[in-house]
Amino acid sequence: MSDEHGGHEKAGIFRTYVWSTNHKMIGKQFLVTSFVFLFIAGFLVLSLRWQLANPGKPVPVLGRLIFATAEQREKAPKDIADAEKELAAAKDDAAKKKAQENLDNANKRAAGLGAVNDQQFIMLTSMHGSLMIFFVIIPILVGAFGNFLIPLHVGTHDMAFPILNAASYWVFWLACVFAIAGFAVEGGAASAGWTMYSTLSELGGPGQTMWLISLTLVGFSSIMGAVNYLTTILKMRAPGLSMWRLPLTTWAQFITAVLQLLATPVLAGALIMLSCDRLLGTHFFTPGGLMATYVPQPHSGGNVLLWQHVFWFYSHPAVYILVLPAMGMASDLLAVGARKAIFGYKAMVYSITAIAGLGFIVWAHHMFMSGMKPGLGTAFMISTMLIALPSAIKVFNWLGTLWRGSIRFDTPTLNALSFVSMFIIGGLSGIFMAATPVDIFIHDTYYIVAHFHYVVFGGSLFAVFGAVFFWFPKMFGRMMNPMLGKLHWFLSFVFFNLTFFPMHIIGAGGHMRRVQIGDYDWLAPFHSWNVFITHSAIVLGFSQILFVFNFFWSMYKGKPAEANPWQSNTLEWSIPSPAPEHNYHVIPEVYNGPYEYGVAGDKEYLPQTEKSAGPPAAH
Amino acid sequence: MLGLWGSIATLLLVMAGSAWAQQPPGPAPGSQEAGWWLPYAASDYSDRIDDLYKGIFIITGAMFFLTEGLLVAFCILYRRRPGVKPHYTHGSNAAELTWTLIPALMLLGIAVWQIPTWNYIKKPDWDAMAAAKDTTVVDTLGQQFKWNFRYPGTKEKFKADNAEYDINNLSNLRVPFGNTCLLNLRSADVIHSLFIPHMRVKQDTVPGLRQRLWFKPNRIQLVNLKKPPTDTGKKTPKGEPYLQQDFEWVYEPKDFEKGGRHFDKKIAVSSVSKYSLKNGVLAPLNPAMKHRMLHQGVVSDGKTWDECDWAIGIFEIACAELCGLGHYTMRAFLTVEPQAAFDYWLKDEAVNSSEPDKVWNYWRDVPKKVAEVPEPPKKS
Ligand code: HEM
Ligand SMILES: [Cu+2]
Ligand SMILES: [Cu+2]
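Heads up: the protein sequence lines correspond to chains A and V, in order.
At position 75 of the first sequence the residue is numbered 75 (our numbering), and the sequence of numbers has no breaks.
Each number in our numbering corresponds to the 1-based position in the second sequence with 1000 added.
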């Protein structure tokens, strides 16, 4: 990396790649860390899906290593040998029968070694969800792209507080360490769902505490990031760059940062209260008279639903943290791909803002069945219906953006289009769940699982695929391979739908989430769907290898990129690829909004840094 | 132009959908097998919930086809072609207004439409309901990992100081057909959620709080024991075939009374602990076991399974809230049975339960202070 600033000493490898305060490097660090977690969390859920499709069968390849203890692995052949000996030594029929039974059991145990057991099953669901949300989607969207893009988009050298920025990453890194260490403690990692409902989370083992520490750290990291983003966007915009000339990506990051700044402290408070309950003997979330397997628990005075209220007061806004930045990026990708201005730019900004604002008054729609007052249910139902409106407005504006465009189907555009179409499905299923009487039936079923995977995977993750492909040249100075990119998009899109669409069907059939089918008779016929979903999920999981391969391969072998390979208007494309260490040699002057495509004259697009030759073409 | 086609398609869809929504509530008999839709509905308000589901399905379905249709159409129509320039526009306020107001009205419509149903389910006159003659009140306790259902053995009120006569029926909720069932819910340890899919019932049980819920079963199944079950072609997780027993829906309690359609049938009405419901088939756990049989309004004991021609179908009860490693095993049963059978069971059970379940003494009231936590019960 070249240093364009005179008078700056050249940083060493350590300061460049590890202990860096450069926003671009920190962004890349977040990106790569999250990819690692994407694979860990993906492995967790594939193991879980394996258990659903093949109950009691060991997970292939890694199962024996991961889901069986060393002790069990050693004991299994010994048990068989012992039982065989016993059988050989047996004299009468009764002894023989017993010995044979022992042998059968030992064989069965050995054959099932490496299968997911009940405790591991709930640990897998809990950790899959927690890791995907807090260590994959949020850090990629906010940590990676927020960091990388905000200073570029506002036309400045770096974040307002570079050291705070680095601290945000390293606190996050510490959180990762605790998250992983959770798996190593006695009883395994947290297993009370990603929602950690009291009192289950109060009664669990030390893994729960590790989870709490880890999430508290993530919270601190988010708050540090948010302060930084807000200050940078508010105070460090290049001359001429009014708020109304910011690309939607940065607008979305701005609103997301507000959400994080306001909501995350509530989460931190909740986590600290729960930690106090577990470690210091307080009773915030535990009522009197609790009894765990007939043993009275020394608690009193707490309120179980209080946890749900504080948790969702954070976590509902958090689900929008999971999607707003993706909406922003998808908007930009669509505008560039369609060579057309965003339809209703201001409406887009207002609806993002509305989603964020309303996001604070819908949290109890996760609690319709918790036994809160029915009148409250109605109030939250109405606010939830309201929040679907700005989402609908955004969808129509995306359609408006495509309308009479000149769409080029490169990988970023394909992924952004997928974002829109999958987000529609997730938004529409949200309406079913917002309808309180319908939610009675579908709450806590696979319907919910389908819903949030359509918005978070179908939505956000596809936007991320597109965004990585799109900004890769600015990150690494090379293009990602378009063939591989399209193949990856195609496989992901097809198998994503094959994996998650059937979940609507089994959810409507009443298949609870977070369960193994077990003995439930009315669920038995869904087994074939579970097998189908598992197979699709495996292909979906393995398709992601293409993406990672493309990512790392292109870093070294990709086609060298020009400054502006996508003919985009925003500021970052006015500087060389990869972006120089301090971005802009001279702070750019901004003359236009970010979406001047298809303007009159011989110029097909008008970068923000160029004075327009004349008035834009008539409508 | 496209917008026009989209609107026409939407209109057609809505019309087709509403024609379909006019069908009588509840799936056709014989559709016990899980399919593409909600499971069969068998309680008073389940049809109302299903109608809402249908309605929202139609509206969102129309929106789905409209938006995804436009997306695909635009991708085809406005793909990059040489010589065709994109249209330059930053939007239109009229368009924004249209697609704000129309969805807003639709959402508002959905919101208002469902409120009566929600109130009907959640805000009955609880006291009147509890006092009504045709209401069966059952205390319900969720516990890792089982459901306890308690009945007043004396058929009077529960007596706080005299719980010995109460009946704790583990994993088995019985309700007389035609009655409203009112459940008082509690949890001993963690949050559970009582889920009876076919009744469209779900309610979390929260430690430290009491919850109430009601439902009124309005149809039950009579399972034909004499016809061999048919193969549905589906497989269970163990790879066994999932079968379908022949059955009949019963809509009226009086069908079991004199002159009713089912008065003369020989119906097995045993305790669920004697049946197993497995792979779609209701069968005795042990062929040698003696069963109760309802025949011409009278229950007699000591019958073999073969003597019965029919059996009352049972519904499954699940726990829907993650409650620990045994969450998925927290399965219980709901038997909705003719009044005569229920009365016989209650009397018999009250006489025979010599060892009252201490869990209920212990769980009578949620203690308010730590000091009030009583001694743990002795292991029997
Ligand atoms: C159109 C807008 C939306 C509506 C009306 C809506 C409505 C709902 C409702 C009512 C629930 C609770 C369902 C239940 O547990 O019974 C829910 C759950 C959820 N939603 Fe949405 N939603 C919308 C959009 C989104 C978006 C954009 C995201 C995230 C990117 C999202 C993520 C989630 C998640 C993660 C859950 C499940 C949480 C859990 O229980 O584990 N939703 N949604
Ligand atoms: Cu929410
Ligand atoms: Cu439970």
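Note that beta-carbon positions come from the ideal geometry of N, C-alpha and C, so glycine has one too.
Legend entry - Best match in A:546, A:474, A:590, A:485 for proximity to residue 563 of chain A [C-alpha to C-alpha]: Your numbering for residue 563 of chain A matches position 563 in the first sequence. Taking each of A:546, A:474, A:590, A:485 in turn and checking the Cα distance to residue 563 of chain A, the smallest one comes out for A:474.
Inset, instruction - Consult DSSP for residue 605 of chain A and reduce its assignment to one of helix, strand or coil. - result: In the first sequence, residue 605 of chain A corresponds to position 605, counting from 1. Reduced to three states, the DSSP call for residue 605 of chain A is strand.
Inset, instruction - From the DSSP output, read off the bridge partner residues of residue 1183 of chain V. - result: Against the second sequence, residue 1183 of chain V aligns to sequence position 183. According to DSSP, which records beta bridges pairwise, residue 1183 of chain V is partnered with V:1138, V:1213.
Legend entry - ligand 1 heavy atom lying under 7 Å from the CB of residue 434 of chain A: Here residue 434 of chain A refers to the residue found at position 434 of the first sequence. Yes, the Cβ of residue 434 of chain A comes within 7 Å of a heavy atom of ligand 1.
Legend entry - Residue ranges of each alpha helix (DSSP H) within the segment 1026-1084 of chain V, 4 or longer: Here the runs fully enclosed are 1046-1077.
Legend entry - Cβ separation of residue 1316 of chain V and residue 1279 of chain V, assumed to be a contact under 8 Å, to the nearest whole Å: The residue labelled residue 1316 of chain V in the question sits at position 316 within the second sequence. The residue labelled residue 1279 of chain V in the question sits at position 279 within the second sequence. Incorrect: roughly 13 Å between the Cβ atoms, too far for contact.
Inset, instruction - Under the assumption that residue 1322 of chain V contacts residue 514 of chain A (Cβ atoms under 8 Å), give the Cβ distance between them as a whole number of angstroms. - result: Taking the first residue of the second sequence as 1, we reach residue 1322 of chain V at position 322. Taking the first residue of the first sequence as 1, we reach residue 514 of chain A at position 514. That pair is a contact at about 5 Å.
Legend entry - Residues in the segment 328-340 of chain A having any Cβ partner in chain V nearer than 8 Å: Only 338, 339, 340 from the segment 328-340 of chain A bring a Cβ to less than 8 Å from some Cβ of chain V.
Inset, instruction - Taking only the alpha-carbon atoms, compute the straight-line gap between residue 578 of chain A and residue 411 of chain A and give it to the nearest angstrom. - result: Residue 578 of chain A sits at position 578 when you count from the first residue of the first sequence. Residue 411 of chain A sits at position 411 when you count from the first residue of the first sequence. Straight-line spacing of the CA atoms in residue 578 of chain A and residue 411 of chain A works out to 20 Å.
Inset, instruction - Decide yes or no for the touch test of the segment 531-550 of chain A against the segment 1225-1233 of chain V: beta carbon pairs closer than 8 Å, at least 3 of them. - result: Contact between the segment 531-550 of chain A and the segment 1225-1233 of chain V is absent: fewer than three C-beta pairs spanning the two stretches fall below 8 Å.
Legend entry - beta-carbon residue 366 of chain A near ligand 2 non-hydrogen atom, thresh 7 Å: In the first sequence, the residue the question calls residue 366 of chain A occupies position 366. Shortest gap from the CB of residue 366 of chain A to any heavy atom of ligand 2: under 7 Å.
Inset, instruction - Indicate the three-state DSSP secondary structure (helix, strand or coil) for residue 58 of chain A in the structure shown. - result: Taking the first sequence and counting its residues from 1, the one referred to as residue 58 of chain A is at position 58. DSSP, reduced to helix, strand and coil, places residue 58 of chain A outside both helices and strands of the structure shown, so it counts as coil.
Inset, instruction - Please find out if some non-hydrogen atom of ligand 2 comes closer than 7 Å to the beta-carbon of residue 362 of chain A. - result: Your numbering for residue 362 of chain A matches position 362 in the first sequence. For residue 362 of chain A, the shortest C-beta to heavy atom distance toward ligand 2 is below 7 Å.
Legend entry - At least three beta-carbon pairs within less than 8 Å, the segment 107-117 of chain A to the segment 189-198 of chain A: Note that the segment 107-117 of chain A does not touch the segment 189-198 of chain A; fewer than 3 beta-carbon pairs, one per stretch, sit closer than 8 Å.
Inset, instruction - Give me every residue whose Cβ sits closer than 5 Å to any heavy atom of ligand 3, in chain order. - result: Output, sorted by chain position: V:1192, V:1319, V:1323, V:1330.
Inset, instruction - Output yes if chain V places a C-beta closer than 8 Å to the C-beta of residue 303 of chain A; else output no. - result: Residue mapping note: residue 303 of chain A aligns to position 303 of the first sequence, counting from 1. At a cut-off of 8 Å between C-beta atoms, residue 303 of chain A counts as an interface residue with respect to chain V.
Legend entry - Cβ-heavy atom distance, residue 319 of chain A to ligand 2, below 7 Å: Start at 1 with the first residue of the first sequence, and residue 319 of chain A comes out as number 319. Yes.
Legend entry - As assigned by DSSP and simplified to three states, the class of residue 142 of chain A: Locating residue 142 of chain A in the first sequence gives position 142, counting from the first residue. In the structure shown, residue 142 of chain A sits in a helix (DSSP, three-state: H, G or I).
Inset, instruction - Would you check whether ligand 1 has a heavy atom nearer than 7 Å to the C-beta of residue 36 of chain A? - result: Within the first sequence, numbered from 1, the residue matching residue 36 of chain A stands at position 36. Because no heavy atom of ligand 1 lies under 7 Å away, the Cβ of residue 36 of chain A does not count as near it: no.
Inset, instruction - For the segment 1053-1083 of chain V, enumerate the residues whose C-beta is nearer than 7 Å to any C-beta of chain A, in chain order. - result: Answer set for the segment 1053-1083 of chain V: 1053, 1056, 1060, 1063, 1064, 1067, 1068, 1070, 1071, 1074, 1075, 1078, 1079, 1080.
Inset, instruction - May I ask which residues mark the beginning and end of the alpha helix (DSSP H) holding residue 1256 of chain V? - result: Within the second sequence, residue 1256 of chain V is the residue found at index 256, counting from 1. According to the DSSP assignment, residue 1256 of chain V belongs to no alpha helix (DSSP H), since it is labelled neither H nor E.
Inset, instruction - Name the residue from V:1260, V:1202, V:1283, V:1044 whose alpha carbon lies nearest to the alpha carbon of residue 1185 of chain V. - result: Translated into positions along the second sequence, residue 1185 of chain V becomes position 185. Shortest Cα-Cα distance from residue 1185 of chain V to any of V:1260, V:1202, V:1283, V:1044 involves V:1202.
Inset, instruction - Indicate whether at least one CB of chain A lies closer than 8 Å to the CB of residue 1291 of chain V. - result: Indexing the second sequence from 1 puts residue 1291 of chain V at position 291. So no, residue 1291 of chain V is outside the interface.
Legend entry - Partners in chain V for residue 441 of chain A, counting only beta-carbon separations shorter than 8 Å: Counted from its first residue, the first sequence places residue 441 of chain A at position 441. Taking the beta carbon of residue 441 of chain A as reference, the chain V residues within 8 Å of it are 1038, 1049, 1053, 1197, 1200, 1202, listed in sequence order.
Inset, instruction - Report the rounded CA-to-CA distance for residue 150 of chain A versus residue 227 of chain A, giving the unit in angstroms. - result: The residue labelled residue 150 of chain A in the question sits at position 150 within the first sequence. The residue labelled residue 227 of chain A in the question sits at position 227 within the first sequence. Looking at the two C-alpha atoms, the distance is approximately 13 Å.
Inset, instruction - Give the range of the alpha helix (DSSP H) segment to which residue 49 of chain A is assigned. - result: Here residue 49 of chain A is taken as the residue at index 49 of the first sequence, counted from 1. 23-53 is the extent of the alpha helix (DSSP H) around residue 49 of chain A.
Legend entry - Any chain V beta carbon closer than 8 Å to residue 512 of chain A: As a first step, residue 512 of chain A must be located in the first sequence, where it is residue number 512. Yes, because at least one Cβ of chain V sits closer than 8 Å to the Cβ of residue 512 of chain A.
Inset, instruction - Check whether the Cβ of residue 399 of chain A lies closer than 8 Å to any Cβ atom in chain V. - result: Translated into positions along the first sequence, residue 399 of chain A becomes position 399. For residue 399 of chain A, the answer is yes, since a Cβ of chain V falls inside 8 Å of its Cβ.
Legend entry - Same chain, Cβ closer than 7 Å to residue 1250 of chain V, neighbours up to 5 away in sequence not counted: By one-based count along the second sequence, residue 1250 of chain V stands at place 250. The beta carbon of residue 1250 of chain V is closer than 7 Å to those of 1219, 1220, 1222, 1262 in its chain, skipping five residues each way along the sequence.
Inset, instruction - From the DSSP output, read off the bridge partner residues of residue 1319 of chain V. - result: Walking along the second sequence from the start, residue 1319 of chain V turns up at place 319. BP columns for residue 1319 of chain V point to V:1194.
Legend entry - Member of V:1212, V:1088, V:1055, V:1319 whose CA lies at the smallest distance from the CA of residue 1333 of chain V: The residue given as residue 1333 of chain V occupies position 333 in the second sequence. Measuring from the Cα of residue 1333 of chain V, the nearest candidate turns out to be V:1319.
Legend entry - Helix, strand or coil at residue 487 of chain A [DSSP, three-state]: If you number the first sequence from 1, residue 487 of chain A lands on position 487. Residue 487 of chain A falls in the helix class under three-state DSSP.
Inset, instruction - With hydrogens ignored, establish whether the beta-carbon of residue 145 of chain A is closer than 7 Å to any heavy atom of ligand 1. - result: Within the first sequence, numbered from 1, the residue matching residue 145 of chain A stands at position 145. For residue 145 of chain A, the Cβ stays outside the 7 Å cut-off from all heavy atoms of ligand 1.
Legend entry - Proximal residues to residue 1135 of chain V (C-beta, below 7 Å), its chain only, five neighbours per side dropped: Working through the second sequence from its first residue, we reach residue 1135 of chain V at position 135. Around residue 1135 of chain V: 1129, 1179, 1180, 1182.
Legend entry - Short-range partners of chain V found in the segment 400-426 of chain A, where Cβ spacing is below 8 Å: Flagged, chain order: 400, 402, 403, 404, 405, 406, 407, 408, 409, 417, 420, 421, 424, 425.
Legend entry - Span of the beta strand (DSSP E), counted from its first residue to its last, around residue 1277 of chain V: Counted from its first residue, the second sequence places residue 1277 of chain V at position 277. 1275-1278 is the span of the beta strand (DSSP E), which, as asked, contains residue 1277 of chain V.
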